[in-house]
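Heads up, the thing below is written out as structure tokens.
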Amino acid sequence: MGNIILLLKNGELSMPAEIKSKEEFLKLLPSAKECRVVRRKGVVKLKLRLSRRLYTYKTNEKEAEELLKLVKCKIVEF
């Protein structure tokens, strides 16, 4: 798979932003429209879709399950 590049309405290119902390993920959570979950061996990626940007957070299975209990928006599993 290649890199994901998003084209904004004004023609600018935008890459998804990677979140490095659980606190930052929780801060963005209320504004999220959708949470995508990608499960791989040993790693779970949680992708938050906000109105202007996509944010990704890599974590382990246990922490991902705890965070998903707090998600109020639509959850999509991949």
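Residue numbers (our numbering): 78 to 155.
Built from N, CA and C at the ideal position, the CB exists for glycine as well.
Exposed or buried, Leu120, counting other C-beta atoms within 10 Å across all chains shown (16 or more means buried)? The residue you asked about is not Leu; residue 120 is Val in the sequence shown. Result: exposed.
Do you know offhand how far Glu143's Cα is from Leu125's? 15 Å
My understanding is that Cys150 touches Ala94, with C-beta atoms under 8 Å, so please give their C-beta distance in whole angstroms. Between Ala94 and Cys150 the Cβ distance is about 18 Å, and since that is not below 8 Å, they are no contact.
Give me the residue from Val114, Arg117, Lys135 and Arg129 with the minimum Cα distance to Glu101. Nearest option by C-alpha distance: Lys135.
Excluding the 5 residues flanking Glu111 on each side, which residues of the same chain have their C-beta closer than 7 Å to its C-beta? Arg126, Cys150, Lys151 and Val153
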